[in-house]
Every structure is written in structure tokens, then in C-alpha cells.
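K.L.:
Chains as they are written, first to last, in the working numbering: chain A, 7 to 367; chain B, 7 to 367.
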């Protein structure tokens, strides 16, 4: 069903750029606004929203559906010329915001037919709306992370001497599905020992041995919303002194950054809170990535938690806090990641799985 | 290495539309012209080709490479403004052909900065060149289909009572790799019994039983070029009278259409040759799709073999001939597909696996 409140958020964002009509083609944007997935492949699909007008969904008749979803549906056939179909739906005297990914083969005919007075990339208007989760979305984000917490508990039981990263990763989807998730939000990262010192490591045939670090970076989709969490464990043996110091630095960076989160905080300062702690501990050069990323219906949504982000946190933002230290010299990689939700008066950490050093196996 | 002959073909096609410069972004188009795969994800990538000028490859410095490939390389950094980089590379007083999939976020700034006098979808110029395979490409198409013939022979040995479609499909990639292929050209279709009457059926847990039809629609990639072939077998038992008649109708449609192929033939008439035979046999309504599709580096390239195609076949065209009858009443689906290469004086059928009725198991 078309979500009029979300539509108003998008229109209000558009107005900031003097836009009063836009044509969206991203299936995620259309699901966000209409609650319905349509994946048209190569075919044209658009949701047109305008001030003071019922939204119009333009779709190929192959995707016809009868359900009433609060939008006007306009169908076309394969081979039909689109500009004459779209002309009456747009105001030719006003600028049109278009989806950033609208392909040239669809955009150029609109421009040539002068269906609007100007054409502007307007995906940011939807991205900005999606960055402010409403109550329904917040609840879905909580549920996805709750299931991720339960899954992490199960994943700690999978370890045994000699098992490979791939053999563990292959069991994760089944566990997520048993717990009620729809699937992965991304392919799980399972890294043993030195592999954990590569933040982009993908599971391979490395065998688990006593004394290894076990790093899980995992997430699932529940009701179309994503979770994403990382924990780093030690297999069968207490960590050595330096590994323990590294772990506690990362933990401190994670918890300090999370505690610092609140509406009105500069995003760059949230990153800095974690980064300074790791730098002061002597591992600044081994924290090689941004602190986090925005997340929601997609694992990576518009918005970095990094020094380069000029914005401030706002109620409804959900993003990851995932400091890490990747020390090839020490042969140790540690990352601790939670999702946080910025609330009206502070922050809610969506993951509850503990941060303590845990020996598993 | 930049293939100047192919580049000239593209430029010559562009001239037919009074275009003298184009900006290509499709990784396949760039591989076709430069012999190098670059998959930039979300980042901008373009090959600019112009009359009387060395081609220019514009790419993010993350994709830097030293090899000399006969093009000028222009690198940019993340965050760098692209229009000032592209301005000097384009002729602002002439129209620019652009890739049909160039996203609005890249196209709109070029238009706003008036980097060309007009912007036109020009992917057809590359598609038309790619539709005329040169000798190197023809040899690769032959090799891919030869391996597909060998694989089909191996696939006939996989059947046994009670095996599922998925269990057979799961063995195919290994066989292709043993035979020297790089991978699938598309996910294999394995359909038993009534499932073969659904042309879009994907392998599932259906178990094979005596008397079933076994339909394999399979292909592999060899040296970047694709094969694609379908055969329909009978498991353990001779087909009944009507199933045999359906099989022979499809075989006759396939072989007649293939024999009709030659340079100068209307594509629509090739389709009609097969379609008329099936219609005269009383199964016209059960041949529910086009006769075939063009193929090369991609399994589906520009060009249908259908009634709607107004073009004539030309030397270097490679496409599939795949008539089928899908009769739910008879509980039978039969499709027989080969690839053909139009030669200077006729046609070469690239698949050699026989068309005879074959009982397997």
C-alpha cells in the first residue's frame, strides 16, 4: 500500500531543491513507497510522484496485478513508445527529478521529447527519507538484529578443531532460516587466525586450530530489513597479552562511539571518537576503514560513518559501528560491530550479544 | 589490445547516424574493443572513441593497470568532478553517442555541462558490430559449441531412476570444467516429464521415473564466448505415438529452419519456416516463444529470431534455432536447439550432437 507519510517526506525533500515532481525507477525506492516488489529486469518501471496528485505506477503489462495499492496504474506493452505514455503524466513546465540509475535509453527520449523543463538527479530525496526510519521500520530493524544476536550464539557452537571456514559458513543460512530470517543480508565472513587481519577475507579452506581468532561478520534479512554484526572470539585458548590489548582497544572504541551517538552529533565526530581511541593505543594505521555505514532495506544505504560525512545524526538513523584493528605484525585481526538506532533523545544499540572476551570451542 | 578493425566497424556504424564520437560504458563493449575486462561496480568507466583520434579509456585509479593496450588512459580519483575531466576529451560542437545503460547520475552532468551538441543512445552501433562475428570470434563460437556437444554426451550418462533434476544440474559445472570450459553461459535447465512442458522450468526436486522426457537446455563459456543447446531424451522407454509425432515435428522445424538459413534471408522468414511446420502439425499454439536469439559474448545479444525482426541474416551472425512444443494436454515438452553461424555462402550448424530420438538410462 502506498505510504503517504513516506511520500510526503520525499516530496518535502524535493521541495528543498525546488522540485515538485519525480520519476523513480529503483525497485527499493518503489518498495519503500508502495510496499510492493517489482523487478522488471530490462523493462521500464517508474513511480511518478507529484505535489497534489495521486502517485502513478508505470509498468509493463507482463507485471499486471489487481491489488489496490493506492496508486494509479498505467500499463504499457512491449514495443510501445513510452514518451507519449509519460507525457500526460508529467508537467512539462517544471523540472523533473529522476532516479540516479535511470538508464540513458529511457532518459534520453524523455529529454528529447521535452517532457519536463529540466532533468535532475533526485535519488537523494528518497535516500534522505529512507535514512530516517519510521516506527514500523525501527521495529523491523530491531527484529532483524535480535535474530542476528540469537544466530551469533548458535554460530559460536559450530567450531571444532580442523573445521574449515567454508564448512562453518555453509551452515549459517540454515540456522538463520530456523530462527525465522528470510536469508542473508550479505554473504557471511568467517575468518580464522591471520585471515581475520584481512578485513575483506572471504571464507576459504583454512582449518581452525587452537589459539586462532574466530571472526564472524554476519547478517540476515527479516521482513525486508537487514542486520549486520561482527564478533571476534578466541578458540580454545586465552588470547596473549598483545591480542588482549588489541581486543580491549577495539571494544573501547566501539562502546565509546556508541555511547557518543545522539541526535545532533556530527557523524564525523562519531567516527573520530572511535578512531582517536585506537590511534592513542598505537594502532591508528591498522584501523583501515570507515567506522560504519548506514543500513536498512539494503545492507549499505546512502551515508558513511566517516570523517568525510558533513551531516549530523538524526532520530531514525540506523548505522553500523564497526571499529577494527588488522595487525599483520601481531597476526591478529579484531572487529566488533553493532547496529545503532539514533532515537529522539539518544541511542539504542540494536545488538545485545556481549562484547566480553569469549573463549569458544 | 584495442582492436582497430572492430573500432572501425563501430565508427562506420556511427557515421550512418551522423555521429563521429561515442562514449561506451558497458564492460562487454569495452572488452569487445579493448580485450580487457574492467568491472567498476558503481564507479564511472568509459571508452571514448572518435574519428581520427586515439581511443581514450577513462577509469578510476583503483583500476589502474600498466599494460599498453593501444588506448590513452585517463585516471580519476574518487570524489573528483568528472565533467572537467571529460570536457577536453569530447568535441562539444558535435553530437555524442552514449551507452544505452549509462546511468542518469553520469549522463545528466554531461548534458548540463554541454559537453556535446546532442546526446544519442548509440549502443546499437556496438551491437551491430558484435552481431557480425569476425574469424577469431567464429572460431571461439565453434569451440564453445564443440565442448557443449561433448558435455551433452556426458550429461546423458547422469540419469538413473529416482535422481532429481537438481542432482543432475549440480554435476554439470564440474563436467564443463573438466572439458575445458570456464563456466556456465547460463544456469542449466533440467526438466523431467511434465516439467518439460514449461519452457521456463528451473531444476527442482522432481524425481526421474521410467517413461519421462528428459530435457537439457545447457551452455558454457569458452574463451569468453557462449554456447547454448537443447536436447530432449526419453528415459528407459520408447515414446508413445503422439510424443513421437511431437518430437519429429520439432526436429523437422529445427532442421528445416537451419537449412533455410543463409546470408540475405529475412530473419522473420527463418522463424516462419519453423513456425509453419509446427502449425501445420496442429501444435501452433504450443510453440509459445520466438525461434531464437542472437548470441556471442553474452547468451542473449541484440537481435531476436522472430516475426518482429525486420533485418536479413548476414555473414557472421550467430543465433539459436530452438523450436519447441509444450503440450500440457499431452504432458509432453520437446525442444531441440542448435546454434548456427551464417557464413559468406550459407550456414554452419555449430552443434553436432544428433537430433535422433534417443532412449537414455
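All C-beta atoms, glycine included, are put in the ideal place defined by N, C-alpha and C. For clarity, every value in this text was computed on a predicted model and none was experimentally measured.
(1) Taking only beta-carbon positions, decide if residue 126 of chain A is within less than 8 Å of chain B.
(2) Within a Cβ cutoff of 6 Å, which residues of the same chain sit near residue 6 of chain B, ignoring the five residues on either side of it in sequence?
(3) Would you identify the three-state DSSP class for residue 202 of chain A, choosing helix, strand or coil?
(4) Is residue 40 of chain B near residue 8 of chain B, with beta carbons less than 8 Å apart?
(5) Residues of chain B with CB closer than 8 Å to the CB of residue 107 of chain A, please, in chain order.
(6) To be precise: take each residue of the region 92-104 of chain B, compare its Cβ to all Cβ atoms of chain A, and keep it if any distance is under 7 Å. Which residues remain?
(7) Along the chain, which unbroken stretches of the beta strand (DSSP E) at least 3 residues long are found entirely within the region 112-138 of chain A?
(8) Counting pairs of beta carbons, one from the region 208-218 of chain A and one from the region 189-198 of chain A, are three or more of them closer than 8 Å?
(9) With H, G and I counted as helix, E and B as strand and the rest as coil, what does DSSP make of residue 354 of chain A?
(10) Determine which residues of the region 27-43 of chain A have a Cβ less than 8 Å from any Cβ of chain B, and write them out in chain order.
(11) How long is the line joining the alpha carbons of residue 10 of chain B and residue 96 of chain B, rounded to whole angstroms?
(12) Per the DSSP calculation, residue 66 of chain B is bridged to which residue(s)?
(13) At 4 residues or longer, what runs of the alpha helix (DSSP H) sit wholly inside the region 150-195 of chain B?
(14) Is the beta carbon of residue 293 of chain B closer than 8 Å to that of residue 309 of chain B?
(15) Does the region 153-167 of chain B come close enough to the region 180-192 of chain B that 3 or more CB-CB pairs lie under 8 Å?
(16) Are residue 345 of chain A and residue 273 of chain A close, meaning C-beta to C-beta below 8 Å?
(17) Would you say residue 20 of chain B faces chain A, with C-beta separation under 8 Å as the test?
(18) Please decide whether residue 121 of chain B counts as near chain A, where near means a Cβ-Cβ distance under 8 Å.
(19) Under 8 Å, with one C-beta from each stretch per pair, do the region 51-59 of chain A and the region 127-144 of chain A reach the 3-pair mark?
(20) Going along the chain, which residues of its own chain have a beta-carbon closer than 7 Å to the beta-carbon of residue 258 of chain A, five neighbours each way excluded?
(21) For the beta strand (DSSP E) holding residue 339 of chain A, just list the boundary residues, first then last.
(22) Taking the alpha carbon of residue 217 of chain B as the point to measure from, which residue in B:224, B:232, B:249 and B:227 has its own alpha carbon closest?
(23) Measuring CB to CB, does residue 358 of chain A end up less than 8 Å from residue 261 of chain A?
(24) By Cβ distance below 6 Å, which residues in the same chain neighbour residue 336 of chain B in space, the five residues on each side in sequence not counted?
(25) Going by DSSP, name the residue or residues bridged to residue 109 of chain A.
(26) Exposed or buried, what is residue 334 of chain B when buried is set at 16 or more other beta-carbons lying within 10 Å of its beta-carbon?
(27) Do the region 133-140 of chain A and the region 167-185 of chain A make contact, defined as three or more Cβ pairs closer than 8 Å?
(28) Short of 8 Å in beta carbon distance, which residues of its chain neighbour residue 350 of chain B, apart from the five on each side in sequence? Order them along the chain.
(29) Could you check the C-alpha separation between residue 100 of chain A and residue 74 of chain A for me, to the nearest Å?
(30) Residue 25 of chain A versus chain B: which residues are under 7 Å apart at the beta carbon?
(31) Would you mind giving the Cβ-Cβ distance between residue 165 of chain B and residue 220 of chain B, rounded to the nearest angstrom? I have them listed as a contact below 8 Å.
(32) With a threshold of 6 Å on Cβ separation, who are the neighbours of residue 93 of chain A within its own chain once the five nearest residues in sequence on each side are excluded?
(33) Are residue 34 of chain B and residue 304 of chain B closer than 8 Å when you measure CB to CB?
(34) Is it buried or exposed, residue 328 of chain A, if we count other Cβ atoms within 10 angstroms and call 16 or more buried?
(35) Looking at C-alpha atoms only, which residue of B:285, B:263 and B:271 is the closest neighbour of residue 297 of chain B?
(36) List the DSSP bridge partners of residue 223 of chain B.
P.N.:
According to the structure data:
(1) yes
(2) Because chain B spans 7 through 367 in this model, residue 6 of chain B falls outside it and cannot be assessed.
(3) helix
(4) yes
(5) 109, 110 and 111
(6) 104
(7) 124-127
(8) yes
(9) strand
(10) none
(11) 20 Å
(12) B:82
(13) 171-184
(14) no
(15) yes
(16) no
(17) no
(18) no
(19) no
(20) 283
(21) 338-341
(22) B:249
(23) no
(24) 248
(25) B:109
(26) exposed
(27) no
(28) 269 and 321
(29) 29 Å
(30) Residues of chain B passing the Cβ test: none, with the nearest at roughly 13 Å.
(31) 6 Å
(32) 121
(33) yes
(34) buried
(35) B:263
(36) B:195 and B:236
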